[in-house]
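Asks: If you're matching positions, the sequence shown starts at 1 in this note's numbering and goes up one per residue.
The beta-carbon is built from N, C-alpha and C at its ideal position, and this holds for glycine as well.
In this text, all values refer to a predicted model and were calculated from it rather than measured experimentally.
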Amino acid sequence: MIVVTGATGTVGSKVVAGLRERGETVRALVRDTGSVPAEWDKGVEPVAADFADPASLDAALAGADAVYLLVAVHPEMSAHERNVIDAAVRTGRSPRIVLHAAAGVEQRPEGVRFVAAHVTGYDHLVASGLPWTVLAPNGFYQNFVGMAESVRAGKLAVPGGEGAVSYVDARDVADAAVRALTTDGHQGAVYTLTGPAALSHGEIAAQLGAVVGRDVEYVAVDPAAALAGMLAAGWDAWRAEGMAELYGLYAAGYAAAVSADVEKLTGRPARSFAEFAAEQAGVLRGAGEGV
Ligand SMILES: NC(=O)c1ccc[n+]([C@@H]2O[C@H](COP(=O)([O-])OP(=O)(O)OC[C@H]3O[C@@H](n4cnc5c(N)ncnc54)[C@H](OP(=O)(O)O)[C@@H]3O)[C@@H](O)[C@H]2O)c1
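#1: DSSP on TYR68, reduced to helix/strand/coil?
#2: Would you call the CB atoms of ALA48 and ASP58 closer than 9 Å?
#3: Between the alpha carbons of TRP235 and PRO131, how many angstroms are there, rounded?
#4: Would you check if the segment 222–230 and the segment 131–151 touch, i.e. whether three or more CB-CB distances between them fall below 8 Å?
#5: Check whether the Cβ of LEU70 lies closer than 8 Å to any heavy atom of ligand 1, and answer yes or no.
#6: Can we count ALA164 as close to ligand 1, meaning its CB is less than 8 Å from some heavy atom?
#7: Spell out whether any CB of chain C is found under 9 Å from the CB atom of VAL126.
#8: Using 8 Å as the cut-off, classify the Cβ of ASP58 as near or not near the heavy atoms of ligand 1, replying yes or no.
#9: Taking DSSP as the reference, what is the three-state secondary structure of VAL3?
#10: Would you mind sorting TRP40 into buried or exposed? The rule is 16 or more other CB atoms within 10 Å of its CB.
#11: Might you give, ordered along the chain, the residues of its own chain that have their beta carbon closer than 7 Å to the beta carbon of MET243, omitting 5 neighbours on each side?
#12: Within the continuous alpha helix (DSSP H) that includes TYR122, where are the two ends?
In structure tokens, the structure reads:
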């Protein structure tokens, strides 16, 4: 039985679906068992637990053979990862842990809180004695869906400077996760998951423009102005500052490396951004469901 945390989110929901396609029995950790996705069949057992509540994690992980450990972006996210790892140790069964971290966990850049939180979780996992694998994805293509309104108005405005980023499709991250959870040979491996190319935000704007049928201009927002904008839009300070740090990394070109690990794990090339944008045409133009 495989426990999936973050099971209702962007990646976790796809991991649950991928595991079910392979016939695996899944226990999906959710906060509210009253509102589980309609597509979950009898092979998915929802269990209520909270990353901040160790007793609930003990119950959720009991009997697990493997755990997909994905925590949400949160000021306590590193404690949340530690709590799940500690609960896995307490099962006494040594379940395999596949930690969903972020690109940069091996390079350990200074001053990027989202990556730093995963580094703490990674170190805790290695010290735990559990069998482990780490997935380190770059930013997701899916993040651009949230910018569709601005794209339709002709602008992609982010503080990404001129740095290129090897963004990746969250579906490829999920497919890689399913392989890491269900096949052997991944113990002690860190897989960096990227798309097939590093694209500047200008190139991304052009590709999005081709899909929505208009010129889309990339506006390299000044980092301080971007932070002020997020705060004015009601973002909490911790998350807004974290996003500004992450875009600083992108602008400096530190997220441009392209890895072959998606193909290594899944046996097929990573999806391109153009492929993703074409599939998302409906949602980018203001109608339809996202992938
Ligand atoms: N977005 C990116 O570009 C990117 C790139 C690389 C790495 N990452 C990493 O990916 C992770 C986020 O993945 P995602 O985008 O798939 O997440 P997401 O869509 O934001 O979903 C978060 C999931 O966590 C659950 N959750 C939130 N708080 C919880 C709690 N206290 N206890 C139990 N469950 C809780 C949510 O469940 P509910 O239904 O209960 O809310 C949901 O299932 C983060 O660790 C981030 O650092 C993101």
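Replies: The structure says:
#1: strand
#2: no
#3: 37 Å
#4: no
#5: yes
#6: no
#7: The structure shown has no chain C; it contains just one protein chain.
#8: no
#9: strand
#10: buried
#11: MET230
#12: 113–128
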